[in-house]
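J.:
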Amino acid sequence: MSQKANEYDKYITAFNAFAFDKKWKPLTTHRITMPTWIPKDGTVTPREKWEPEMRQKAEVAFNAMGNTNDTLFIRAAPIQPRPGVVESIPATGKEEFVNTVLGLADTMLGPDPASPPIYEHGLCEPDGCMMVQKFIDATASAVMGGGYHDAEGNV
Numbered sequence: 001m002s003q004k005a006n007e008y009d010k011y012i013t014a015f016n017a018f019a020f021d022k023k024w025k026p027l028t029t030h031r032i033t034m035p036t037w038i039p040k041d042g043t044v045t046p047r048e049k050w051e052p053e054m055r056q057k058a059e060v061a062f063n064a065m066g067n068t069n070d071t072l073f074i075r076a077a078p079i080q081p082r083p084g085v086v087e088s089i090p091a092t093g094k095e096e097f098v099n100t101v102l103g104l105a106d107t108m109l110g111p112d113p114a115s116p117p118i119y120e121h122g123l124c125e126p127d128g129c130m131m132v133q134k135f136i137d138a139t140a141s142a143v144m145g146g147g148y149h150d151a152e153g154n155v
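This is the structure:
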């Protein structure tokens, strides 16, 4: 499982165990997994073989997010961080969302562009996943640890 997905699971477990103040609710998130049947023998599985499964997973994820016309953020969650190779991408509407998921899957299930490849099997990120959340147009990003005070003195 990817580092992002693993840490999200840990947070949800801690949140549900009341380890955090319940006012800091986690974002609604849906995970899209890669097909587990993809062979890891160095060959690339043709898109027509995995696309129906990934299209169905994308549609399930879109519907799980409320079948919305809001912009959704498809967060690539590779096993090995791959800046510039496996990007996280916003998408608006079902058609753009599904096509974006398929495009990311094509990269993740395709040949590794690194030279030499990171993994012995030579594929980019077949064991990673994608995490879907509503897009937040933020000007900054930060993490606030539990028990610390914000600028107004709130815990």
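Per our numbering, residue 1 is the first one in the sequence shown, and the count goes up by one each step.
All residues carry an ideal CB built from backbone N, CA and C; glycine is no exception.
1. Select from Lys134, Val85 and Leu104 the residue whose C-alpha is nearest the C-alpha of arginine 55.
2. Determine the burial state of glycine 128: buried for a count of at least 16 other Cβ atoms within 10 Å of its Cβ, exposed for fewer.
3. How many angstroms separate the CA atom of glycine 84 from the CA atom of proline 111?
4. Flag this pair as touching only if the stretch 43-51 and the stretch 91-100 have three or more C-beta atom pairs under 8 Å; answer yes or no.
5. Starting from the N-terminal side, write out each stretch of the beta strand (DSSP E) that is 3 residues or longer and does not extend beyond the stretch 75-128.
6. Of the choices Pro116, His121 and Arg31, whose alpha-carbon is the least far from that of leucine 109?
7. Please name the residue in Val101, Ile136 and Gly66 whose C-alpha comes closest to that of glutamate 87.
8. To which residues does DSSP link glutamine 133 through a beta bridge?
T.: Answer, in terms of the structure:
1. The shortest Cα separation from arginine 55 among Lys134, Val85 and Leu104 belongs to Leu104.
2. Taking a 10 Å sphere around the C-beta of glycine 128, we find 16 or more other C-beta atoms and assign the residue as buried.
3. Going from the Cα of glycine 84 to the Cα of proline 111 covers about 15 Å.
4. Under the Cβ criterion (8 Å, minimum of three pairs), the stretch 43-51 does not count as touching the stretch 91-100.
5. With a minimum length of 3 residues, the continuous beta strand (DSSP E) runs that stay inside the stretch 75-128 are 89-92.
6. When each option's Cα is compared against that of leucine 109, the closest is His121.
7. Distance check between glutamate 87 and each of Val101, Ile136 and Gly66 places Val101 closest, using alpha-carbon atoms only.
8. The secondary-structure analysis by DSSP pairs glutamine 133 across a beta bridge with Phe73.
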